[in-house]
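Protein chains in written order, with UniProt numbering: chain A, 1 to 339; chain B, 1 to 339.
Glycine included, each C-beta is placed from N, C-alpha and C at the ideal position.
Let me begin by presenting the structure, written as structure tokens, before commenting on it.
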């Protein structure tokens with residue numbers, strides 16, 4: 001009998017964790033894997049659906065706890081290794097988001113830096129060599145930036161969130177180089193259209209501008225500039241690319257540079273409004289209020305507006321959305337499925 | 001009566017700390033300053049000389065202790081604030097050097113990361129807004145690199161030393177942006193000719209190749225390539241530039257990018273050998289043994305060999321050595337003074 005395999009996902013009460021868990025449970029390549037989900041709040045466990053086989057749900061194990069606690073982190077990694085199981089991968093998705101980090105420096109330090117180090121140190125001690133996929137952010141970049149960011153642009157964060165993410169990227173690069181873990185750093189575009197409620201991310205309006213009016217609610221856009229561009233990806237493209245990194249040949253990245261800017265599309269506020277009108281009707285536009293928030297605008301304007309990810313698509317085999325109508329259309333379809 | 005002012009120097013048992021302390025004690029601009037020196041070993045206290053007024057030595061206070069201990073760091077910052085003194089600046093010079101960090105990951109993490117964070121957190125708590133000058137390193141760079149490194153080249157360290165330095169650079173940039181400290185990050189060239197004994201730095205031979213033969217001792221060069229270039233600065237130029245950063249208008253650097261590559265000169269092994277022959281005579285060349293050390297060579301070859309520091313010299317007013325004969329000549333003169 002072959003030993004079971006484990007995959008651990010942190011921050012599993014968020015958006016990407018459940019999305020990835022669902023994607024893995026639907027994939028017969030991962031039928032031998034137990035999926036461990038952890039978060040401070042109760043992790044969101046995928047429910048049986050047309051795509052997830054019912055007998056796969058017994059292999060999802062939620063473990064609620066505080067990832068800033070050393071004893072919890074130690075027991076968490078131990079749990080994934082029970083009965084001689086092999087820990088295939090850890091996805092590090094937990095964190096305090098951008099606006100939240102800017103408002104509470106100490107909390108960001110504790111959650112976005114110290115808990116990540118705790119986790120990495122437990123992994124390299126208990127399960128050395130495990131593949132670790134760490135979600136960083138385009139917030140590691142800061143101004144001045146070229147119109148299109150390439151892999152050679154120097155990260156110069158202008159937010160505490162970006163600075164703390166960059167510190168952990170640097171740590172992971174070195175842990176990989178030393179052979180302690182098999183590290184990958186992935187930097188997500190802003191995920192849009194993101195279901196659920198507004199978040200503490202400075203970019204929250206980039207989902208709200210579609211999601212809230214379609215639900216008959218107002219959305220406040222904190223920037224009075226319809227030409228303002230953001231770099232976006234749909235949730236399904238993020239999930240697909242995460243699985244591709246999970247399966248990627250480790251040598252595709254240099255041993256001391258483990259980061260990958262995920263492919264996305266550059267979209268203006270006006271283009272989002274046009275898509276809202278197209279999918280929701282003209283009257284929905286009235287629910288969008290443009291009201292400048294200088295603090296948020298400063299953070300938003302420090303981020304890149306477009307990337308050259310031809311290497312990620314060409315050499316690494318990642319996929320990219322086909323346009324703003326695809327992003328919004330995917331969300332509209334998901335609403336229909338829930339009805 | 002005006003309150004006294006303090007300057008704290010960590011790693012004061014090393015090379016740069018005593019050099020800077022001496023420079024400050026000779027400078028009438030700093031006659032109101034008490035100089036605190038700390039290190040794990042007894043700090044080196046400058047002695048009276050033709051250039052240091054005898055009555056200034058009472059204003060040097062050595063505090064021996066372990067900077068990885070939270071209680072020590074707290075008491076250290078408290079000491080500099082005694083009797084309402086104003087802490088003008090902290091120079092962070094302590095650390096485990098490059099080869100030492102590569103050999104002992106955990107020790108580098110403790111000394112090069114955790115103790116720096118401890119110190120910065122005590123400063124921002126007890127003496128917010130204090131000017132902090134942190135010595136980073138050219139080891140934050142890694143291959144591939146252009147022949148000449150500019151301020152726009154992305155740091156991609158290929159050593160634990162460089163990775164840990166870069167993590168603290170990122171932390172300091174953000175502490176400055178938040179207004180918690182007045183941060184400056186300085187990256188030294190390799191200091192040559194460095195007096196004293198060989199160190200645990202991968203670059204140690206770049207001083208040894210001059211210093212040891214002049215003292216009648218052998219020096220082993222770990223790379224068999226006389227065209228191999230390194231980026232060097234004399235000790236006196238480092239000290240002068242540190243004082244210039246101490247006095248620099250803070251707004252000369254962007255609020256989220258606080259690093260300055262110190263000016264230096266690009267010198268080949270052959271040019272160092274030529275200078276050794278010029279100042280020491282042809283027979284000294286026989287004391288230099290070239291014997292490849294693959295591990296050290298890998299670290300050395302990951303570093304930059306030349307920089308464009310025209311901004312540091314032009315806009316920031318830093319100074320640069322005039323050539324390899326200047327570097328070696330300064331050392332030869334210092335030997336004569338000791339005789």
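Buried or exposed: where does residue i fall if 16 or more other Cβ atoms within 10 Å of its Cβ makes it buried?
i	result
residue 28 of chain B	exposed
residue 295 of chain B	exposed
residue 158 of chain A	buried
residue 55 of chain A	exposed
residue 138 of chain A	buried
residue 346 of chain B	Since the first and last residues shown for chain B are 1 and 339, residue 346 of chain B lies out of range.
residue 39 of chain A	buried
residue 190 of chain A	buried
residue 90 of chain A	buried
residue 271 of chain B	buried
residue 148 of chain B	exposed
residue 251 of chain B	exposed
residue 285 of chain B	exposed
residue 215 of chain B	exposed
residue 49 of chain B	exposed
residue 150 of chain B	exposed
residue 292 of chain A	exposed
residue 348 of chain A	Only positions 1 to 339 of chain A appear in this structure, which leaves residue 348 of chain A out of reach.
residue 212 of chain A	buried
residue 237 of chain A	buried
residue 121 of chain B	buried
residue 179 of chain B	exposed
residue 103 of chain B	exposed
Does DSSP classify residue i as helix, strand or coil?
i	result
residue 86 of chain B	strand
residue 205 of chain B	helix
residue 8 of chain A	strand
residue 132 of chain B	strand
residue 153 of chain B	coil
residue 187 of chain A	strand
residue 231 of chain B	strand
residue 75 of chain B	helix
residue 144 of chain A	coil
residue 158 of chain A	coil
residue 263 of chain B	coil
residue 351 of chain B	Since the first residue shown for chain B is 1 and the last is 339, residue 351 of chain B is missing from the structure and cannot be characterised.
residue 62 of chain B	strand
residue 182 of chain B	strand
residue 108 of chain B	helix
residue 268 of chain A	strand
residue 23 of chain B	helix
residue 314 of chain A	helix
DSSP beta-bridge partners for residue i?
i	result
residue 102 of chain A	Answer is none; residue 102 of chain A lacks a bridge partner.
residue 219 of chain A	A:288
residue 33 of chain A	A:5
residue 68 of chain A	According to DSSP, which records beta bridges pairwise, residue 68 of chain A is partnered with nothing at all.
residue 198 of chain B	DSSP, once it has assigned bridges, lists no residue as partnering residue 198 of chain B.
residue 91 of chain A	A:9, A:133
residue 330 of chain A	None, per the DSSP bridge assignment.
residue 307 of chain A	A:149
Would you mind giving the Cβ-Cβ distance between residue i and residue j, rounded to the nearest angstrom? I have them listed as a contact below 8 Å.
i	j	result
residue 193 of chain A	residue 289 of chain A	Going by Cβ atoms, the distance from residue 193 of chain A to residue 289 of chain A rounds to 18 Å, so no, they are not a contact pair.
residue 19 of chain A	residue 235 of chain A	5 Å
residue 12 of chain A	residue 43 of chain A	4 Å
residue 306 of chain A	residue 226 of chain A	Incorrect: roughly 17 Å between the Cβ atoms, too far for contact.
residue 101 of chain A	residue 161 of chain A	4 Å
Does the CB of residue i have a neighbour CB from chain D at under 9 Å?
i	result
residue 197 of chain A	No chain D appears in this structure, whose protein chains are A and B.
**Item:** Short-range partners of chain B found in the segment 145-158 of chain A, where Cβ spacing is below 8 Å
**Value:** Within the segment 145-158 of chain A, 152, 153, 154, 155, 156, 157, 158 place their CB atoms closer than 8 Å to a CB of chain B, listed in sequence order.
**Item:** Members of the segment 238-264 of chain A near chain B, C-beta cut-off 7 Å
**Value:** Per Cβ criterion, the list reads 256, 257.
**Request:** Please name the residues in the segment 101-127 of chain B whose beta-carbon is closer than 7 Å to at least one beta-carbon of chain A, in chain order.
**Result:** Within the segment 101-127 of chain B, 105 place their CB atoms closer than 7 Å to a CB of chain A, listed in sequence order.
**Request:** Taking only beta carbons into account, state which residues of the segment 159-176 of chain A come closer than 7 Å to chain B, listed in chain order.
**Result:** Within the segment 159-176 of chain A, 160, 163, 166, 167, 170, 171, 173, 174 place their CB atoms closer than 7 Å to a CB of chain B, listed in sequence order.
**Request:** Below 7 Å between beta carbons is the criterion; list the residues of the segment 129-143 of chain B that meet it against any residue of chain A, in chain order.
**Result:** Of all residues in the segment 129-143 of chain B, 142 have a Cβ within less than 7 Å of some Cβ in chain A.
**Request:** Below 9 Å between beta carbons is the criterion; list the residues of the segment 287-311 of chain A that meet it against any residue of chain B, in chain order.
**Result:** Of all residues in the segment 287-311 of chain A, those with a C-beta nearer than 9 Å to a C-beta of chain B are 302, reading in chain order.
**Prompt:** Between the segment 318-336 of chain A and chain B, which residues of the former have CB atoms less than 8 Å from a CB of the latter, in chain order?
**Reply:** Within the segment 318-336 of chain A, no residue qualifies.
**Request:** Closer than 9 Å, Cβ to Cβ, to anything on chain B: give me those residues from the segment 177-196 of chain A, in chain order.
**Result:** Per Cβ criterion, the list reads 177, 178, 180.
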